[in-house]
Amino acid sequence: MARNITYREAINEALAQEMERDETVIVMGEDNAGGAGAPGEDDAWGGVLGVTKGLYHKFPGRVLDTPISESAFIGAAVGAATAGLRPVAELMFVDFMGVCFDQIYNQAAKFRYMFGGKAVTPVVIRTMYGAGLRAAAQHSQCLYPLFTHIPGLKVVLPATPYDAKGLLTQAIRDNDPVIFFEHKALYDLSGPVPEESYALPFGEANVVRDGEDVTIVTLGRMVHTSLLAAAELAVDGLECEVIDLRTTSPLDEDTVLESVEATGRLVVVDEAHPRCSIATDISALVAQKAFGALQAPIEMVTAPHTPVPFSTALEDIFIPDAQRIANAVKTVTGWTR
Amino acid sequence: MTDERIVAVTMPKWGLSMRLGKITGWVVAEGDEVNVGDDLADIETDKITGTLEAADAGTVRRIVARVGEDVPVSGTIALIAPAGVSDADLDAAALEARAVIDAGVPEEAGGPVVQAVDVRGRRVSFAGAGADGDVVLLIHGFGGDRNSWLFLQEPLAARHRVYALDLPGHGTSGKNLETGSGSGAGDAAGAGDPAGLLADAVVGVLDAIPASRAHLVGHSMGGAVALAVAARDPRRIASLTLIAPSGFGRQINAGYLRGFAGAQTRRELKPLVGQLFSDDKLVTRQVVDDLLAYKRLDGVEAALHALLATLVGGDEQRGDSAALLAAIGDATPVTVVWGRQDQIIPAEQAQAVAGAVRYVIEGAGHMPHMERPVEVQTAIEDTIARAG
């Protein structure tokens, strides 16, 4: 039975059900229980925003608090994955990924390829991303384009509780390293989620709204902002098809191309910076493979090419909003040669 | 209504969760003559798009609901009346109906209750509607669930107590069909008999209602399940309405069944689901997404493949529904309903249902209860009436 639970609860449920199903699944990270030693044994934290809370007592010995050393515990998770476990490591904020990049892009991403398929690395790295929590330049970045760039990694960005549970289940069962991006501003979002386990395949975009006039391709938190814009535009008679990519690697090119072939107009909405991003990637894809269908230049709605500001007024302007998306839609529909 | 000759055409309730419907197009215009079963309007809900058929004959005198607006369930969307009714009376009735639409969704009292019963270690869920009358139990087909009766359950509930279940392996019921081990441990007698488990589930629901006697309506594989239940205890079953039942001939679209069981993506599934209907525009994105969400639940793929093996061998049907029918005897009224454009099991197999009253419906494929619900409802009501 589906019932409404939050994005945070959906992730916790996927972890619990996979740990129940497969004893090789372990959870590790900073404060996943609440500080190694004394208070940690009381499951005080469950990770910095409480996502893993409750697992520590349910699965004795399989929820590991780690030192504040990303390079050490991400390396340990990657090694454990090659040795037969299925670790789910929580790397608090994606902004901290820099200190353990070699373990990720030179080791985890390369093992299957360099060992001729004889090694698999079924590790999941869960991490938080995105602006909006007044957490400044080092705790608010999107950074998923960096990981999408690297062959050998799978990159997943659920937008809803339903997708969060199904995609995390797939991530844990997948034999390749998966970087699983959780937007901090989505944790309290509630939605229908089946109680039973289910896996959503990677590389299948979700058409979250049907429309004939403009294609909006987006992902993560921006799916909701785009839907808001689409609802407002519908009042004026403009019907947007909104596509949630769900995974950027692998990428569902067909759903994007088929939609643009039908609408002839594309707006890409991405919370990341505008250079070398998913916005530019999708724009290039469509310009190359659906050029003949385009009836207007592609519009990109992104954050600017600056660090995320700490000033609340500036941060609010930094994050794409529904008004900017609506303006971009009107630009592509109003465009004349 | 000021004049009793004015008949209100109302927003139907398609499914237990439907509260609003949107008219996407009127098939008729003011002044048109309509007969029972004629298409009136295309209606969209958050789950499905369907066509509303006329339940009464007459002249469409007023169209109340506009294309594109949300109308609460049971709100009046048009008025049918003979020529003798005055324009003033119609305008007054239309004004009244307009006010209901503008007021939005009324608060409903006491919706249907979803229940569950344990059958051999599995959860079997079912939902009922209707307060009085005989018990009618609706049994869906392969890969379906109780929501496939969304156009019929509420209309039938006006005169009967109507239940629809999710068979094991389907909907919100337990997905494990292994009868020799696992959660169903201790029932080795049924090992390797998933079809027997489905019949057990139906009996379990009848016991839970509780119903000492019931009318069964079964679609496709659900038709064979209904026959199996009736054959076990013919006196418990008051009548049988079989909609495109399986097992009455060898021919079947085995490619559809195997494709449905194996489809992993929206792209694979959508064209297959289209084969179920005579008009494949009924297959909205929401229909396909809901089916995919079901298929992706752990255990569903195994369940579908286990059932598939009982339904087909090679490219032919395996079941022998005619033998089950013979075992039930002549005392039970039997009706068979088939869509003329059925692309899954050919409608000619209706001839093999011995002693049955036959309805072959034009403009319907394998899902006449979704495409032509008014005609199917008539067939079911007539069958129940024959049981006396």
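Note that the protein sequences, when read in sequence, are chains A and B.
Residues in the first sequence are numbered consecutively from 1, following my numbering.
Residues in the second sequence are numbered consecutively from 1, following my numbering.
Glycine is no exception: its CB is placed at the ideal position from the N, C-alpha and C atoms.
*asked:* Would you call the region 112 to 127 of chain A in contact with the region 158 to 165 of chain A, where contact means no fewer than 3 C-beta pairs closer than 8 Å?
replied: no
*asked:* Rounding to the nearest angstrom, what Cα-Cα distance links Q323(A) and S259(A) in this structure?
replied: The residue you call residue 323(A) lines up with position 323 of the first sequence. The residue you call residue 259(A) lines up with position 259 of the first sequence. Their Cα atoms are separated by approximately 23 Å.
*Thinking C-beta only, is L325(B) closer than 8 Å to A354(B)?*
One-based indexing of the second sequence puts residue 354(B) at position 354. One-based indexing of the second sequence puts residue 325(B) at position 325. Contact flag set, yes.
*Can you tell which of V9(B), L20(B) and T45(B) has its C-alpha closest to the C-alpha of Q435(B)?*
An answer regarding residue 435(B) cannot be provided, because it is not within the stretch 1 to 388 covered by chain B.
*Please name the residues in the region 149 to 180 of chain A whose beta-carbon is closer than 9 Å to at least one beta-carbon of chain B, in chain order.*
Within the region 149 to 180 of chain A, the residues whose Cβ lies closer than 9 Å to some Cβ of chain B are Y162, G166 and T169, listed in chain order.
*Alpha carbon to alpha carbon, how far is E33(B) from A83(B)? Give it in angstroms, no decimals.*
Numbered from 1 along the second sequence, position 83 holds the residue referred to as residue 83(B). Numbered from 1 along the second sequence, position 33 holds the residue referred to as residue 33(B). In a straight line, the C-alpha of A83(B) is about 11 Å away from that of E33(B).
_Exposure label - I68(A); buried when at least 16 CB within 10 Å_ = As a working note, residue 68(A) is residue 68 in the first sequence. Around the beta carbon of I68(A), fewer than 16 other beta carbons sit within 10 angstroms, so the residue counts as exposed.
*asked:* Which runs of the beta strand (DSSP E) at least 3 residues long sit entirely within the region 264 to 309 of chain B? Give them in chain order.
replied: none
*Could you check which residue in I77(B), E30(B), D3(B) and A55(B) has the C-alpha nearest to that of L20(B)?*
Counting from one through the second sequence, the residue named residue 20(B) turns up at place 20. When only C-alpha atoms are compared, the closest one is I77(B).
*Please check if any C-beta of chain B sits within less than 8 Å of the C-beta of S249(A).*
In the first sequence, residue 249(A) corresponds to position 249, counting from 1. Answer no: the Cβ-Cβ gap between S249(A) and chain B never drops below 8 Å.
_the region 280 to 297 of chain B: positions lying closer than 7 Å to chain A by Cβ_ = R285, R296 and L297
*V94(A) to T265(B), Cα distance in whole Å?*
To locate residue 94(A), count along the first sequence from 1; it is residue 94. To locate residue 265(B), count along the second sequence from 1; it is residue 265. So the two alpha carbons sit approximately 31 Å from each other.
*Assess, as a yes-or-no matter, whether the region 150 to 169 of chain B is touched by the region 237 to 257 of chain B under the definition of 3 or more beta carbon pairs within less than 8 Å.*
no
*So, do the region 312 to 327 of chain A and the region 280 to 297 of chain A have three or more beta carbon pairs nearer to each other than 8 Å?*
no
*asked:* Within a Cβ cutoff of 7 Å, which residues of the same chain sit near G186(B), ignoring the five residues on either side of it in sequence?
replied: If you number the second sequence from 1, residue 186(B) lands on position 186. Because G186(B) sits at a pLDDT of 40, beneath the cut-off of 50, its placement in the model cannot be relied upon, and the following sentence gives the value as read from the coordinates. Here the set comprises nothing.
*Limits of the beta strand (DSSP E) - the one that L389(B) falls within*: Because chain B spans 1 through 388 in this model, residue 389(B) falls outside it and cannot be assessed.
*chain B partners of S283(A), CB-CB under 9 Å?*
Here residue 283(A) corresponds to residue number 283 of the first sequence, with the count starting at 1. By Cβ distance, chain B contributes nothing, its closest Cβ being about 24 Å from S283(A), past 9 Å.
_Nonlocal neighbours in the same chain, by C-beta distance under 7 Å from L276(B), ignoring five residues either side_ = Walking along the second sequence from the start, residue 276(B) turns up at place 276. Closer than 7 Å at the Cβ level, and outside the excluded window around L276(B), lie I344, G365, H366 and M367.
*Smallest Cα separation from I209(B): which of V100(B), S125(B) and R5(B)?*
In the second sequence, the residue the question calls residue 209(B) occupies position 209. I209(B) has its Cα closest to that of S125(B), out of V100(B), S125(B) and R5(B).
*For D252(A), does the three-state DSSP call read helix, strand or coil?*
The sequence position of residue 252(A) within the first sequence is 252, counting from 1. D252(A) falls in the coil class under three-state DSSP.
*asked:* Can you check whether the C-beta of R146(B) is within less than 8 Å of a C-beta belonging to chain A?
replied: In the second sequence, the residue the question calls residue 146(B) occupies position 146. No, no contact with chain A.
*Which residues does DSSP pair with R3(A) in a beta bridge?*
Locating residue 3(A) in the first sequence gives position 3, where the first residue counts as 1. Paired residue(s): V193(A).
_Beta carbons nearer than 9 Å to chain A: which residues of the region 253 to 278 of chain B have them?_
Those residues of the region 253 to 278 of chain B that come within reach of chain A (Cβ to Cβ, closer than 9 Å) are Q264, T265, R266 and R267.
_From the DSSP secondary-structure annotation, give me the bridge partner or partners of L137(B)._
The residue labelled residue 137(B) in the question sits at position 137 within the second sequence. L137(B) is bridged to Y163(B) and L216(B).
*Is the Cβ of V364(A) closer than 8 Å to any Cβ of chain B?*
The question about residue 364(A) has no answer here: the residues shown for chain A are numbered 1 through 337.
_To the nearest angstrom, how far is the alpha carbon of A211(B) from that of E30(B)?_
For the purposes of this step, residue 211(B) is taken as the residue at position 211 of the second sequence. For the purposes of this step, residue 30(B) is taken as the residue at position 30 of the second sequence. Cα to Cα, A211(B) sits roughly 46 Å from E30(B).
*How many angstroms separate the CA atom of A191(B) from the CA atom of G144(B)?*
Working through the second sequence from its first residue, we reach residue 191(B) at position 191. Working through the second sequence from its first residue, we reach residue 144(B) at position 144. Residue placement at A191(B) is flagged as unreliable, the pLDDT there being 43, under the threshold of 50; a coordinate-derived value is accordingly withheld.
_Given R61(B) as reference, the closest of G218(B), D89(B), V71(B) and I380(B) once Cα atoms are compared_ = Position 61 of the second sequence holds residue 61(B). Nearest of G218(B), D89(B), V71(B) and I380(B) to R61(B), Cα basis: D89(B).
*asked:* On a Cα-Cα basis, can you pick out the residue from V27(B), A226(B), R123(B) and D315(B) that is closest to S321(B)?
replied: The residue given as residue 321(B) occupies position 321 in the second sequence. Checking every option, the nearest Cα to that of S321(B) belongs to A226(B).
_Whether L189(A) touches T6(A) by CB criterion (8 Å)_ = Walking along the first sequence from the start, residue 189(A) turns up at place 189. Walking along the first sequence from the start, residue 6(A) turns up at place 6. Yes.
*Using the rule of at least 16 other Cβ atoms within 10 Å of the residue's Cβ for burial, across every protein chain shown, is S148(B) buried or exposed?*
As a first step, residue 148(B) is located in the second sequence; it is residue number 148 there, counting from the start. Result: buried.
_For I380(B) and R372(B), believed in contact at Cβ under 8 Å, the rounded distance_ = Stepping through the second sequence from its first residue, residue 372(B) is reached at position 372. Stepping through the second sequence from its first residue, residue 380(B) is reached at position 380. About 12 Å; that fails the 8 Å criterion.
*Cα-Cα separation, V247(B) to G255(B)*: Taking the first residue of the second sequence as position 1, residue 247(B) is located at position 247. Taking the first residue of the second sequence as position 1, residue 255(B) is located at position 255. One point to set straight first is that residue 247(B) is Gly, not Val, in the sequence displayed. If you take the alpha carbons of G247(B) and G255(B), they lie about 17 Å apart.
*For V217(A) versus L238(A), is the C-beta spacing smaller than 8 Å?*
By 1-based counting over the first sequence, the position of residue 217(A) is 217. By 1-based counting over the first sequence, the position of residue 238(A) is 238. At a Cβ-Cβ threshold of 8 Å, V217(A) and L238(A) do not count as neighbours.
_Taking its Cβ as the centre, do 16 or more other Cβ atoms sit within 10 Å of L79(B), making it buried, or is it exposed?_
In the second sequence, residue 79(B) corresponds to position 79, counting from 1. With 16 or more other CB atoms across the displayed protein chains lying within 10 angstroms of its CB, L79(B) is buried.
*Please list the segments of the alpha helix (DSSP H) lying wholly inside the region 60 to 97 of chain A, counting only runs of 4 or more residues, in order along the chain.*
You should have 70 to 82.
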